[in-house]
Amino acid sequence: MVSMLKTPQGRRIAYHKTDGVGPTVVFLGGLKSDMEGTKAIHLEEWARTRGQAFLRFDYSGHGESSGTFEDGCIGDWHEDTVAAVSALTEGPLVVVGSSMGGWQALLLAKAMPERIVGLVTIAAAPDFTEDSYWAGFDDAQKAALEAVGYVDLPSDYMEPYRITRRMIEDGRKRLVLRTPLSLPFPVWFLQGTEDTAVTSETAIKLIEHADGTDMQLLMVKGKDHRFSDQFCLKLIETKVEAVLKASEVA
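Each residue of the sequence shown is one higher than the last, beginning at 26 in the numbering used here.
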């Protein structure tokens, strides 16, 4: 049964928590995804099998949490993440972030570096509101964003995204590739070469920009943004286990 958490901002966040030994593995989903996605459920089953503490949740405006997607922005979802992690977990964390959740994972690493001991990202999409959306808007879209307050963008994976002016403006306050980004713990970045939502260039830019002594990028030929077939799920599982093991001896 889903549980609910009220955040300091008054939002209601739906979550599932699995008790077990630490570090707690926290899954952060992508834009317009929810905690019932294939990767989140697979990792929860993996965690339960090995007795590992695990947390998955829906950002506000996603899944079973309160609010609407169109009213949200990167900063709101960062607040949701900090609230969920602070209230529902204790001790060290290994964070797994998918797509927009990869950006959220990097923001969490900046917000509470003392708690994170490992990181795995899957098609991480840092700064996408600026580098993908805003950079890709034509003059008509920029004008519509100013006049109407939103534009609708097609997606290869679901119904169109409604991107608001607030999301773009808030995203500029949350950029992580323009300032130093310290990741002083074991890190794996996973990326499919056939991903049309997040390019391989983004993955390379991230690993080149971030600062850390145990950081690896794995490009997986032929895999797309979903990264959720059996091969990819096993790969994610393996890399989370590798990060957990590395964190024990660090």
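Ideal placement from N, C-alpha and C gives every residue a C-beta, glycine not left out.
Status (buried if at least 16 other CB within 10 Å, exposed otherwise) for residue i
i	result
Leu-28	The residue asked about is misnamed: residue 28 is Ser in this sequence, not Leu. By the 10 Å Cβ count, Ser-28 comes out exposed.
Thr-204	exposed
Thr-154	buried
Arg-36	buried
Asp-101	buried
Lys-248	buried
Glu-262	buried
Asp-164	exposed
Asp-96	exposed
Met-60	buried
Check whether residue i and residue j have beta carbons under 8 Å apart
i	j	result
Ala-150	Ser-124	yes
Tyr-40	Arg-81	yes
Gly-88	Ala-148	no
Thr-32	Glu-104	yes
Leu-202	Leu-242	no
Trp-213	Ala-134	no
Leu-30	Ala-136	no
Phe-52	Ile-141	no
Met-240	Leu-208	yes
Alpha-carbon to alpha-carbon, residue j and residue i
i	j	result
Asp-254	Ala-65	13 Å
Ser-90	Lys-57	12 Å
Val-245	Asp-220	10 Å
Lys-167	Tyr-158	10 Å
Lys-126	Val-120	A quick correction: the sequence has Gly, not Lys, at residue 126. Looking at the two C-alpha atoms, the distance is approximately 10 Å.
Ala-235	Gly-76	32 Å
Lys-264	Val-173	44 Å
Leu-269	Lys-42	18 Å
Phe-94	Tyr-84	9 Å
Arg-199	Gln-34	18 Å
Arg-190	Gly-92	17 Å
Tyr-175	Ile-99	15 Å
Val-223	Trp-128	12 Å
Arg-197	Ala-78	34 Å
Rounded distance between the beta-carbons of residue j and residue i, thought under 8 Å
i	j	result
Leu-215	Phe-252	7 Å
Leu-132	Leu-206	The Cβ separation is near 10 Å, so there is no contact.
Ala-271	Gly-122	That pair is no contact at about 18 Å.
Ile-193	Leu-170	7 Å
The region 47 to 56 in contact with the region 107 to 117 per 3-pair CB rule at 8 Å: yes
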